[in-house]
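Take a look at the structure set out below.
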Amino acid sequence: MSNKEVKAALKSARDAIRNKEYKEALKHCKAVLKQEKNNYNAWVFIGLAAAELEQPDQAKGAYKKAIELEPNQLLAWQGLANLYEKPNQTDVKGDLADVYQKLLELYKSGDKQKWCDVCNKLVELYHQEKKYLEVAETWQKLIQMRQEEGAEKAELHQLWKKMIQLLKDSTKNQDNKTEQLLLTAFEHAVNSADTVPGEDHQNLYKDFIQCLSKFPHETARLEKACNDMMALYPTMSYPLEVLCLHFVNSGNLSEEALHCFSRLLEMDTSSGPGIIGFGIKCLQEKKYKEAVKSLTEGLQKTNQCPAAWRYLAEAQVKIHKHRNAVLSCNQALEALQIPEGPNLWWKKLVLQLKAETLIKIADADAAEEAIKALEQIVDASSDPVISAIRGQAYLKKGLIDEASKISQELLLSHPDLAESHALDGYIHYSQKNYEQAERSFLNAIERKAETAEYHQYLGLTYWFMSDETKRDKGKALTQFLKAAKLDSYLGSAFFYLGNYYRDIAGDKSRARGCYKKAFELDETDEESGTAAVDLSVELGDMDTALSILNEVTEKASPGTAKWAWLHRGLYYLRSGQPSQAVADLQAALRADPKDSNCWESLGEAYLNRGSYSTALKSFRRASELNPGLMYSIYRAAALEQILGKYENAIATYQQILKKTENYVPALKG
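The structure is reproduced here in structure tokens:
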């Protein structure tokens, strides 16, 4: 076949393809290849015809042969791209991406529109495959090309926005290079917007700030973006809220952070982050109750803030609301589901605080929970303070040997650490080795003099060591006073001060004040409440006694606060108010139905009220519970006599006289 005939055959093949006579086209091409086996156009036409005849393997082979012959010719690459784009072609996305890359290379110096079309297709392909870095790099090339072509600012703005849209899911992948390209796209989009200020621009800025807040290491950029947005939109609270939460979560409580909290509250008094910030400021200023109030209120509005929950727990510990503090720690841990970056640091702080707080609750279950919390801390074994907390938890569980082992190791490895000596002190104190406990607590105080608990325990050590140290003003009293001064919410310090003033100094008035303070700090402390009421009665101050009792009984749920109901019932009984006495003594019995003395007092109240039958039942119940209560048995007999049950009365009197021959009321009865 001559050169002329080859050309004619190729023209016939082209015409056949145009007329959709693909088999005819194949014949012409094969004839050409017999003559010229390396004819580029013939291989391209075979690829085209085979593709249309649903023979993809033959088409692919033909295109690849053509590419082998002329790697920089467009036709075969375009054909291969069309073939791979067909819906029936699976598992060719990687190959298609390579083809698009080659087409971009070939179009770059020529047809810019086609280059852009292929670029769009390649980006779409990468996006389907979630290859976000490739998406970002390719789209950036497209923007660069349009910039070189002199594209308008508005078009470029839309292209940057499209890039943001394409990469919005990439933040989950945490790839640093993609992240930087996304943030660059945001910066360009924000700076190339037409209408500034405007709603679209405002939303774009919001998205930018939200994106930045997901990356813990981009703090400088986040602060700049928030400040820039505040300058453009001074009445919008959003950037200020993000900035405040950023300061809270980063643990940065600088002057700038405090200024931000104040600014936000001035702008919006109901802003969650603003109220949280104010709560943290109160915590710093040692206004613990206000801190608890504000942090609780702020977290009702913005609850996914682990650092704020941690600050709330800290404030609750300061006012000795330990069970509430544990709940706040649990909320913080729930909000810290992703343990990475700063979250890992917060998680350690929260778990440590939770364990310390559980130990203060002082029961074996809480101690077990404390041990479990410490086990979750990464690298806990290398932290001596955490080891000391673990030692305390073992001690509360009654595992003295384990606690002692930790204590001995700490004293050897960290002799300058206050917590090492304090743990040793707690162990000796629990075993009543008061002289060793004294030495340990003095060592702890020497290293950390501002810890109220160390002074409190040293005071308790002196209190129980000997009568001499209990009475010595410079020993127990001094330590309890120091503890109370360092921690004005430490109820037990005030309770022991009350004991000192009542039992040693004989100062009832001062003792009453201390018990009252202890009870105000901890309303579950019945001992302090009872002592405050008893001393008020002794001092003839019934108003104070009643105000304490009224406050407790008003708040008490059924079946609780027996001591308060009983005290007030006895007061009403003594002051000739039997109906009120009956009501209060019944409430006391709901809390403890087996208290024989309480039943006896209830019988007395019914008797004074004139309810003889019910009085009789109450006295009988008292004597059933405690057969040694002669007064109740006598009262029952006397009531039987009043009610005309003479035989029963005689039998009961005789029963009394068997036990106590000279019991005059029985003889008289």
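Position 471 of the sequence shown, counted from 1, bears residue number 471 in UniProt numbering, the numbering being contiguous throughout. Each residue gets a CB set at the ideal place from its N, CA and C atoms; glycine is no exception.
Please say whether residue j and residue i have beta carbons closer to each other than 9 Å?
i: Ala231; j: Tyr205; result: no
i: Ala388; j: Ile427; result: no
i: residue 676; j: Ser509; result: The structure shown does not extend to residue 676, since the chain is modelled only from 1 through 669, so no value can be given for it.
i: Lys287; j: Val317; result: no
i: Leu106; j: Trp139; result: no
i: Leu75; j: Ala66; result: yes
i: Lys23; j: Ala49; result: yes
i: Leu358; j: Ala366; result: yes
i: Ile319; j: Lys281; result: no
i: Ala364; j: Lys405; result: no
i: Leu104; j: Ala81; result: no
i: Tyr233; j: Ile276; result: no
i: Ala325; j: Gly279; result: no
i: Ala308; j: Leu295; result: yes
i: Phe215; j: Glu241; result: no
i: Gln586; j: Leu602; result: yes
i: Met145; j: Trp115; result: yes
i: Val350; j: Pro306; result: yes
i: His154; j: Asp207; result: The residue you asked about is not His; residue 154 is Ala in the sequence shown. Their beta carbons are not under 9 Å apart, which means Ala154 does not touch Asp207 by this criterion.
i: Cys211; j: Leu183; result: yes
Taking its Cβ as the centre, do 16 or more other Cβ atoms sit within 10 Å of residue i, making it buried, or is it exposed?
i: Pro593; result: exposed
i: Arg18; result: exposed
i: Lys668; result: Low local confidence applies: a pLDDT of 49 at Lys668 is under 50, so the model's placement there is unreliable, and no value is given.
i: Asn41; result: buried
i: Gln352; result: buried
i: His246; result: buried
i: Met416; result: Here residue 416 turns out to be Asp, not Met, going by the sequence shown. By the 10 Å Cβ count, Asp416 comes out exposed.
i: His455; result: buried
i: Gln431; result: exposed
i: Thr461; result: buried
i: Leu458; result: buried
i: Ala13; result: buried
Rounded to a whole number of angstroms, what is the C-alpha to C-alpha distance between residue i and residue j?
i: Asn626; j: Ala591; result: 18 Å
i: Leu299; j: Lys482; result: 35 Å
i: Leu521; j: Ala313; result: 17 Å
i: Ala484; j: Val292; result: 21 Å
i: Leu264; j: Asp98; result: 53 Å
i: Leu283; j: Ala452; result: 18 Å
i: Phe495; j: Phe519; result: 8 Å
i: Leu423; j: Met465; result: 19 Å
i: residue 747; j: Pro578; result: What is shown of the chain runs 1 to 669, which leaves residue 747 out entirely.
i: His421; j: Ala493; result: 21 Å
i: Leu442; j: Gly425; result: 9 Å
i: Phe619; j: Tyr606; result: 10 Å
i: Pro339; j: Glu152; result: Only weak support is given to the placement of Pro339: the predicted model assigns it a pLDDT of 49, under 50, and the question is left unresolved by the model.
i: Lys11; j: Glu199; result: 60 Å
i: Tyr132; j: Gly94; result: 15 Å
i: Gly47; j: Cys119; result: 24 Å
i: Ala393; j: Tyr434; result: 21 Å
i: Leu589; j: Ala638; result: 24 Å
i: Gln641; j: Asn608; result: 16 Å
i: Arg221; j: Ser213; result: 10 Å
i: Arg390; j: Lys473; result: 34 Å
i: Asn191; j: Ala136; result: 19 Å
i: Asn597; j: Glu604; result: 11 Å
i: Ala395; j: Arg323; result: With the sequence shown as reference, residue 395 is identified as Leu, and Ala is not the correct amino acid for it. Straight-line Cα distance between these residues: approximately 20 Å.
i: Val248; j: Thr235; result: 22 Å
i: Leu616; j: Thr560; result: 26 Å
Is residue i near the ligand NAP, going by C-beta to nearest heavy atom under 8 Å?
i: Arg471; result: Within the structure as shown, the ligand NAP is missing, as the structure has no ligands at all.
Residue range of the alpha helix (DSSP H) that residue i falls in?
i: Leu26; result: 22–35
i: Val196; result: From DSSP, Val196 is part of no alpha helix (DSSP H); its letter is neither H nor E.
i: Tyr542; result: First, the residue type needs correcting, since residue 542 is Met and not Tyr in the sequence shown. From DSSP, the alpha helix (DSSP H) with Met542 extends over 542–555.
i: Asn324; result: 322–335
i: Val135; result: 132–148
i: Thr469; result: 467–471
i: Cys119; result: 112–128
i: Asn303; result: No alpha helix (DSSP H) contains Asn303, which DSSP labels as neither H nor E.
i: Glu155; result: 153–167
i: Gln641; result: 630–642
i: residue 670; result: Residue 670 lies beyond the stretch modelled for the chain, which goes from 1 to 669, so this question has no answer here.
i: Asp401; result: 400–413
Give a yes or no on whether the minimum CB-CB distance between residue i and chain D is below 9 Å.
i: Asn120; result: No chain D appears in the structure shown, which is made up of a single protein chain.
Return the chain-ordered ranges of every alpha helix (DSSP H) run that is complete within the UniProt repeat "TPR" (562–595) and spans a minimum of 4 residues.
562–574, 578–591
Could I get the ranges of all uninterrupted beta strand (DSSP E) runs contained in the stretch 237–316, with 3 residues as the minimum, in chain order?
Considered as a whole, the stretch 237–316 harbours no complete run of any beta strand (DSSP E) with no fewer than 3 residues.
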